[in-house]
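Enquirer: In our numbering, the protein residues as written are 25 to 294. Ideal Cβ placement from N, Cα and C applies to all residues, glycine included.
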């Protein structure tokens, strides 16, 4: 797909081939380009891409206002979003806002597809624009941390966490991605990620954690196997799924403290 406008000249998405412009890297979430490890050098491009996106999304809404229900192809909104480098920049740096952008895209898309009043569509468009600009702010902040060497480079392959704190941090990141996948309307993917995270990560630490707080383990087991999957399967909405994840992450923070104390006590004994 080619996007020809004054805002696309010189940008990586000019020919819709953004994934092949830079040295291609593969992560657990698909193709990620090398620009994500050099954010500061690409901030100008990301800024132009956000402007381009708001204009393109706005044009879809304007088209709906002029033509009405059934006359607008809302799928192009997803094409626009997936065509820009900013997409992977925010995905790799701040998943919660990445999920909010997907939520905003589908908010506009579904409102148009259902034939909602234009005022409601404009309201959803405003939320989407806000999420895009928040995302740009998050990427700018990440670029500063990246320049100072305070955040690691995006890895091309998964590295298995070994210590309890690393495992819990990985679980939290996976849960953030559950929200993102649900926001992308990929409920089955989100549910599978929940189950895999429980089996591949949480089960590895729950034995040690039971000795510290059995009730906490039972609570998290219910969250992984009942509460979160139900919120997804019952399609309660992104905000509801995010609320469950936020609560789980709070419990995981408590678990990390308990496990770190237990480890420190073991070392003091020896």
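Could you tell me whether the region 61 to 77 touches the region 104 to 117, where touching means 3 or more Cβ pairs closer than 8 Å?
Expert: In short, these stretches touch, since the Cβ pair count reaches three.
Enquirer: Select from 143, 155, 284 and 210 the residue whose C-alpha is nearest the C-alpha of residue 78.
Expert: Counted from its first residue, the chain shown places residue 78 at position 54. Closest by alpha carbon: 155.
Enquirer: May I ask which residues mark the beginning and end of the alpha helix (DSSP H) holding residue 116?
Expert: Locating residue 116 in the chain shown gives position 92, where the first residue counts as 1. Run containing residue 116: 109 to 117, per the alpha helix (DSSP H) assignment.
Enquirer: Applying the 10 Å Cβ sphere with the 16-neighbour rule, what's the burial state of residue 98?
Expert: Taking the first residue of the chain shown as position 1, residue 98 is located at position 74. The residue in question, residue 98, is buried, as its Cβ has 16 or more Cβ neighbours within 10 Å.
Enquirer: Below 8 Å CB to CB, which residues in the same chain sit around residue 232 once its five sequence neighbours on both sides are set aside?
Expert: What you label residue 232 is simply residue 208 of the chain shown in a count that begins at 1. Only 188, 283 and 286 meet the Cβ criterion.
Enquirer: For residue 163, count neighbouring C-beta atoms within 10 Å of its own C-beta (all shown protein chains included) and say buried if the count is 16 or more, exposed if not.
Expert: Here residue 163 corresponds to residue number 139 of the chain shown, with the count starting at 1. Buried is the call here.
Enquirer: Just to confirm my understanding: we take residue 129, look at its own chain, exclude 5 residues before and 5 after, and list those with CB closer than 7 Å. What are they?
Expert: Position 105 of the chain shown holds residue 129. So the list reads 101, 102, 105 and 152, once near-sequence residues are dropped.
Enquirer: Which of the three DSSP states is assigned to residue 285 in this structure?
Expert: As a first step, residue 285 must be located in the chain shown, where it is residue number 261. Helix at residue 285.
Enquirer: Quick test of your reading: residue 139 and residue 93, contact by CB under 8 Å. State the CB separation rounded to the nearest angstrom.
Expert: Reading the chain shown from its first residue, position 115 is the one you call residue 139. Reading the chain shown from its first residue, position 69 is the one you call residue 93. Going by Cβ atoms, the distance from residue 139 to residue 93 rounds to 3 Å, so yes, they are a contact pair.
Enquirer: What separation, rounded to the nearest whole angstrom, lies between the Cα atoms of residue 118 and residue 234?
Expert: Residue numbering aside, residue 118 sits at position 94 when the chain shown is read from its first letter. Residue numbering aside, residue 234 sits at position 210 when the chain shown is read from its first letter. Going by the C-alpha atoms only, they are around 31 Å apart.
Enquirer: Report yes or no: do three or more beta-carbon pairs, one from the region 163 to 178 and one from the region 211 to 229, lie closer than 8 Å?
Expert: The answer is no - the region 211 to 229 does not touch the region 163 to 178, with fewer than three Cβ pairs under 8 Å.
Enquirer: Going along the chain, which residues of its own chain have a beta-carbon closer than 7 Å to the beta-carbon of residue 241, five neighbours each way excluded?
Expert: Taking the first residue of the chain shown as position 1, residue 241 is located at position 217. 230, 233 and 234, listed in sequence order.
Enquirer: Output yes if chain D places a C-beta closer than 7 Å to the C-beta of residue 198; else output no.
Expert: Chain labels in this structure do not include chain D; a single protein chain is all it has.
Enquirer: Quick one: is residue 167 buried, meaning 16 or more other Cβ sit within 10 Å of its Cβ, or exposed?
Expert: The residue you call residue 167 lines up with position 143 of the chain shown. With 16 or more Cβ atoms within 10 Å of its Cβ, residue 167 is classed as buried.
Enquirer: What are the boundary residues of the alpha helix (DSSP H) that residue 232 is part of?
Expert: As a working mapping, residue 232 is identified with position 208 in the chain shown. Run containing residue 232: 227 to 234, per the alpha helix (DSSP H) assignment.
Enquirer: The alpha helix (DSSP H) spanning residue 190 covers which residue range?
Expert: For the purposes of this step, residue 190 is taken as residue 166 along the chain shown, with counting starting at 1. Residue 190 -> alpha helix (DSSP H) spans 188 to 207.
Enquirer: When we look at the beta-carbon of residue 219 and count the other beta-carbons within 10 Å, is it buried (16 or more) or exposed?
Expert: The sequence position of residue 219 within the chain shown is 195, counting from 1. Exposed, since its Cβ has fewer than 16 Cβ neighbours within 10 Å.
Enquirer: Where does residue 244 fall in DSSP's three states?
Expert: The residue labelled residue 244 in the question sits at position 220 within the chain shown. Here residue 244 sits in helix by DSSP.
Enquirer: Assign residue 155 to one of three DSSP states: helix, strand, or coil.
Expert: Residue numbering aside, residue 155 sits at position 131 when the chain shown is read from its first letter. It is helical.
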